[in-house]
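Using our numbering, the first residue of the sequence shown is number 306, and each one after it goes up by one.
Every residue gets a Cβ at the ideal spot worked out from N, C-alpha and C, and that includes glycine.
Note that the structure is a prediction, hence the values are computed from the model and not measured.
Below: one structure, written as structure tokens.
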Amino acid sequence: MAFSHKGEPQVEGRTLLLVVYLILNIAGLIIMWEDKQRAIHHKYRIKEKTLWLVALFGGAVGATMGMQLYRHKTKHLQFKIGFPLLAIVEVILIFYFLIKY
């Protein structure tokens with residue numbers, strides 16, 4: 306752990322990257338659960354655009370897991386193929402940044 310000139314602990318870049326990535330994927334998982342609950346109870350749904358934005362900005366692994374766990378959007382080809390492909394790209398990018406920096 307690194308310390309600032311004032312002796313305060315600083316978060317390492319890799320740690321911060323992993324924490325942010327974890328939070329985004331938890332958000333992806335939760336948003337899929339929430340949309341599934343809304344579908345079950347015939348309530349106003351989360352827009353597909355929002356689901357894609359969460360996945361695109363780092364939550365694709367969580368969204369893919371949520372899709373499978375909650376059996377939500379599994380019949381939609383764009384989600385069935387798109388989310389897992391996006392998840393693979395995100396994992397590759399995370400590993401790249403962890404190794405490179």
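* Less than 8 Å separating the beta-carbons of I331 and D340? -> no
* Within 10 angstroms of the Cβ of T320, are there 16 or more other Cβ atoms? Answer buried if so, exposed if not. => exposed
* Classify G333 as buried or exposed, calling it buried when 16 or more other Cβ atoms lie within 10 Å of its own Cβ. => buried
* Asked: Measuring CB to CB, does V366 end up less than 8 Å from I336?
  -> no
* **Assumed close pair G318, Y406 - CB separation to whole angstroms, cut-off 8 Å** => 6 Å
* Determine the direct distance from the alpha carbon of Y326 to that of L398, and round the result to whole angstroms. => 11 Å
* **Residue range of the alpha helix (DSSP H) that includes E339** => 318-345
* Asked: Run through DSSP, which three-state label would Y349 get?
  -> coil
* To do: Pull up the CB-CB distance for L329 and G363, whole angstroms please, since I reckon it's below 8 Å.
  => 4 Å
* The alpha helix (DSSP H) with T369 in it runs from where to where? -> 365-374
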